[in-house]
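Heads up: the sequence shown at position 187 corresponds to 186 in numbering that gives the first Met the number 0, and the numbers run straight through without jumps. First the structure, in the form of structure tokens, and then the observations on it.
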Amino acid sequence: MEIFIAEHAGYCYGVKRAVDTAIKNLEKNSAKNIYSLGPLIHNDQAVEVLKEKGLKVIKEIADIESGVVIIRSHGVGKSIYDYAEENSISLVDATCPFVKKIQKIVYKMHKSGNNIIIIGDKDHPEIIGINGWCNNSAIIGKSISDFEEIRFNKEKYVVVVQTTMNFKIYEEIKKYLEGKIEDIDFNNTICLATQKRQSSSIELSKKVDAMIVVGGKHSSNTKKLADICMVNCDTYLIETVDDLEIEKISAYNSVGIAAGASTPDFIINEVIKKLSDI
């Protein structure tokens with residue numbers, strides 16, 4: 000069996016920054032409680048490692064007793080910052096810079112009286128956080144069908160996009176909205192790391208018999224990698240090496256490996272080693 004690895008795989012800048020920030024604070028403030036508001040990143044194994052180092056994961060900022068709260072890579076709404084300021088809670092902001100950029104666009108454009116459209120998954124924490132910068136008033140959808148029932152007026156609309164959105168789907172939705180709304184501005188805020196991962200995974204999936212996509216079960220960008228690879232070859236989405244279906248995979252002559260932006264190197268390396276042993 001030949002094994003190939005996608006050119007771009009594993010931690011992106013924003014995720015690595017969030018993990019490094021957490022570790023730095025855990026080491027520097029060992030006597031304090033260090034919290035993350037929700038899982039720091041969408042990878043259970045990486046989060047478990049941080050918990051072992053002392054990180055406490057909370058669901059609500061009101062759950063904090065005393066200490067420091069790390070804002071996770073997906074970001075949060077403005078109300079969290081307001082609450083922290085009003086209650087003298089110390090925040091460490093590990094929001095991905097690309098997500099932070101979207102938040103600033105939404106906040107500025109909403110304050111200027113524009114309607115906000117977010118192309119993305121309304122249940123994803125990144126989108127929930129972004130919507131929190133326009134008083135939760137955004138129109139949100141991840142497919143054309145999500146927008147078909149909406150009546151758009153003649154006011155100005157500003158569009159932003161989830162950082163991990165499939166670029167092809169974004170282009171389809173953009174074309175649809177352009178035909179429905181007269182005054183609309185688009186901001187392609189899909190992160191460059193996402194585009195590189197998708198492009199390299201597509202390229203590799205065309206050359207191999209099967210693809211193995213490694214990443215957390217809650218990771219949006221990992222699921223999208225699997226979706227685009229499935230178009231070209233048999234694709235297996237796994238979280239850890241234990242999920243490998245060895246009997247099935249052994250039948251292939253060539254296998255490609257891709258990994259989501261929140262997948263740590265140690266998990267990817269375990270998968271590579273297991274395949275190499277076949």
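By construction, the Cβ of each residue, glycine as well, lies at the ideal position given by its N, Cα and C atoms.
- With a threshold of 16 other beta carbon atoms within 10 Å, Phe146 meets it and is buried.
- Asp184 has Val157 as its beta-bridge partners, per DSSP.
- Between the C-alpha atoms of Lys99 and Gly255 there is a straight-line separation of about 33 Å.
- Assignment of Gly255 by DSSP, reduced to helix, strand and coil, places it in the strand class.
- Between Ile88 and Val68, the gap from beta carbon to beta carbon is short of 7 Å.
- With fewer than 16 other Cβ atoms inside 10 Å of its own Cβ, Asn86 counts as exposed.
- The three-state reading of DSSP puts Ala209 in strand, counting E and B together.
- Residue environment analysis places Ser204 among the buried positions, since at least 16 neighbouring C-beta atoms fall within 10 angstroms of its C-beta.
- With distances taken between CA atoms, Asp122 lies nearest to His217 out of Leu191, Lys173, Ile40 and His217.
- Inclusion of Ile189 and Met229 in the CB contact set at 7 Å is not warranted, their separation being larger than that value.
- The beta carbon of Ser253 is closer than 6 Å to those of Glu1, Val207 and Asp208 in its chain, skipping five residues each way along the sequence.
- Around the beta carbon of Ala225, a 10 Å sphere encloses 16 or more other beta carbons of the protein chains shown; the residue is thus reported as buried.
- With a threshold of 16 other beta carbon atoms within 10 Å, Pro124 meets it and is buried.
- The beta-bridge partner set that DSSP reports for Glu64 is empty.
- Between the stretch 108-119 and the stretch 135-142, the count of C-beta pairs closer than 8 Å reaches three or more; the two stretches touch.
- The beta-carbon distance between Asn220 and Thr193, rounded to whole angstroms, is 6 Å. This is short enough to meet the 8 Å contact definition.
- The bridge partners DSSP lists for Asp276 come to none.
- In the DSSP assignment, Val91 falls within the beta strand (DSSP E) that extends over Ser89 to Asp92.
- It is roughly 26 Å from the alpha-carbon of Gly178 to the alpha-carbon of Lys110.
- Rounded to the nearest whole angstrom, the CA to CA distance from Asn134 to Ile183 is 20 Å.
- Contact annotation: Ser249 and Ile277 have beta-carbon atoms nearer than 7 Å.
- A Cβ-Cβ separation of about 7 Å places Val91 in contact with Ile70 under the 8 Å criterion.
- Beta-bridge partners assigned by DSSP to Leu224: none are found.
- When DSSP states are grouped into helix, strand and coil, Thr20 belongs to the helix group.
- Counting only the Cα atoms, Gly259 lies some 30 Å from Asn32.
- Secondary structure note for Lys179: its alpha helix (DSSP H) is the uninterrupted segment Phe166 to Lys179.
- With respect to the C-alpha of Val158, the residue from Asn130, Lys167 and His7 having the closest C-alpha is Asn130.
- Contact between Ala17 and Ala93 holds, since their C-beta atoms are separated by about 4 Å, short of 8 Å.
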